[in-house]
Amino acid sequence: MTMAFPESAGERIQRSLNDAKRNELSDRFGGVFLAGNMPLPADVESEFLQRIEEFELKWAAHDVTTVRAFIGDPPVKLSSEIAPDELQSELEHLMSTLDENDIQLDFAERPSDAEVYRFIVEELLDHEIDDIRVPGMVCHFIYEEFHPNASLDVRLACEWFVERMLSHDEHLLRSLERCEHAGADGNVFDFTDLRAAVADVHARIATVIDHSTAVIASDVGDCAACVDVEIRLKGFEAGSLNELNAEWKSRL
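The numbering used here applies: residue 2 is where the sequence shown begins, and numbers increase by one.
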């Protein structure tokens, strides 16, 4: 049970000021504020609104710069100039410099340290970004947006699909409806067929405790892929609730 405590006079005043600030930001910048399930504390919301205003003002007058200039143009060595035993320390220093300047480099699947360093020095540092600094705002870069990995995309898509096929969560199941699915023959099938396949799985399996999905073969095209996967799971059978260990192969 959630306990609700009455707000103090100061909190009520601050909330009124927040209401006025939201209206002002909407009028000046066209912002739309949606009500959440739980209201923020008045002081937290006030700081949040201040950050939004600060960002909008800086955005209106911002310039474009490079990552290199944004982080202060630090001296860096080319990959060819670094000895193997220096690589880790040089990379840590470079990543720390990015972090200190609110720039984060993310990976769906991290490559070697040598490739990460090469990518930063030869590509990322010369990439253009908006010259805006707002406390708490972090600029994220994803390695795979520069170097797409089709095999990784296929594996993640398969894992996403299988997780929803095995789930009894209606919200997850509905997310399948918002995607276009094709059979192994390349023909698109509607969600009625997919829902029937999901129902068949649920008729056999009551609960999935753990599962894994492994791509064993794939034919990746420009816009689509046909993939053979091996699925293993632990759970309980529907009806009997006997422990179940299952393994099968499927084509997606």
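Backbone N, C-alpha and C define an ideal beta-carbon position, used for all residues, glycine too.
Since this is a predicted model, take the numbers as computed values, not measurements.
For Q105, write down the residues that DSSP places opposite it in a beta bridge. Locating residue 105 in the sequence shown gives position 104, counting from the first residue. BP columns for Q105 point to H141.
Note down the Cα distance separating A204 from V221, rounded to an integer number of angstroms. As a first step, residue 204 must be located in the sequence shown, where it is residue number 203. As a first step, residue 221 must be located in the sequence shown, where it is residue number 220. Distance between the alpha carbons of A204 and V221: 32 Å.
Just reading off the beta strand (DSSP E) that E231 is part of, what are its end residues? Position 230 of the sequence shown, counted from the start, is the residue given in the question as residue 231. Note, E231: beta strand (DSSP E), A226 to E238.
My understanding is that L234 touches L167, with C-beta atoms under 8 Å, so please give their C-beta distance in whole angstroms. Sequence index remark: in the sequence shown, residue 234 carries index 233 (1-based). Sequence index remark: in the sequence shown, residue 167 carries index 166 (1-based). With 8 Å as the limit, L234 and L167 qualify as a contact, their Cβ atoms being about 7 Å apart.
Just the Cα atoms here: how many angstroms apart are D127 and P85? Locating residue 127 in the sequence shown gives position 126, where the first residue counts as 1. Locating residue 85 in the sequence shown gives position 84, where the first residue counts as 1. Cα to Cα, D127 sits roughly 24 Å from P85.
Determine the burial state of I14: buried for a count of at least 16 other Cβ atoms within 10 Å of its Cβ, exposed for fewer. Within the sequence shown, residue 14 is the residue found at index 13, counting from 1. Counting Cβ neighbours within 10 Å, I14 comes out exposed, since fewer than 16 surround it.
Spatial neighbours of E48 in its chain, beta-carbon cut-off 6 Å, leaving aside the 5 residues before and after: Translated into the one-based positions of the sequence shown, residue 48 becomes position 47. Cβ neighbours of E48 beyond the five flanking positions: none.
Check whether the Cβ of L41 sits closer than 6 Å to any heavy atom of the ligand ATP, and report yes or no. What this structure holds is no ligand at all, so the ligand ATP is not there to describe.
Can you list, in chain order, the residues of its chain with a C-beta nearer than 7 Å to that of R119? Leave out the 5 residues immediately preceding and following it. Locating residue 119 in the sequence shown gives position 118, counting from the first residue. Only S80 meet the Cβ criterion.
Going by C-alpha distance, which of H169, D170 and R165 is nearest L177? Stepping through the sequence shown from its first residue, residue 177 is reached at position 176. Nearest of H169, D170 and R165 to L177, Cα basis: R165.
What does the Cβ neighbour count give for N24, buried or exposed, with the cut at 16 atoms within 10 Å? To locate residue 24, count along the sequence shown from 1; it is residue 23. Exposed is the call here.
Alpha carbon to alpha carbon, how far is D74 from D103? By 1-based counting over the sequence shown, the position of residue 74 is 73. By 1-based counting over the sequence shown, the position of residue 103 is 102. Taking the straight line joining both Cα atoms gives about 15 Å.
Rounded distance between the beta-carbons of H63 and D131, thought under 8 Å: As a working mapping, residue 131 is identified with position 130 in the sequence shown. As a working mapping, residue 63 is identified with position 62 in the sequence shown. So it is a contact: roughly 5 Å between Cβ atoms.
Express the C-alpha separation of L245 and G32 in angstroms, rounding to a whole number. The residue given as residue 32 occupies position 31 in the sequence shown. The residue given as residue 245 occupies position 244 in the sequence shown. Cα to Cα, G32 sits roughly 52 Å from L245.
Any idea what DSSP makes of V77, helix, strand or coil? What you label residue 77 is simply residue 76 of the sequence shown in a count that begins at 1. Three-state DSSP puts V77 in coil, outside helix and strand.
Run of the beta strand (DSSP E) containing V65, from where it starts to where it stops: Counted from its first residue, the sequence shown places residue 65 at position 64. Residues V65 to T67.
For M2, count the other beta carbons within 10 Å of its own beta carbon; 16 or more makes it buried, fewer makes it exposed. Which is it? What you label residue 2 is simply residue 1 of the sequence shown in a count that begins at 1. Note that M2 scores 45 on pLDDT, short of 50, meaning its location in the model is unreliable and no value can be drawn from it.
Using a Cβ-Cβ cutoff of less than 7 Å, which residues in the same chain neighbour E91 once the five nearest sequence positions on both sides are dropped? Residue 91 sits at position 90 when you count from the first residue of the sequence shown. Closer than 7 Å at the Cβ level, and outside the excluded window around E91, lie K78, I83 and Y118.
Which residues in the same chain as A21 place their Cβ atom closer than 6 Å to its Cβ, once the five residues preceding and following it in sequence are excluded? For the purposes of this step, residue 21 is taken as residue 20 along the sequence shown, with counting starting at 1. Hits under 6 Å: none found.
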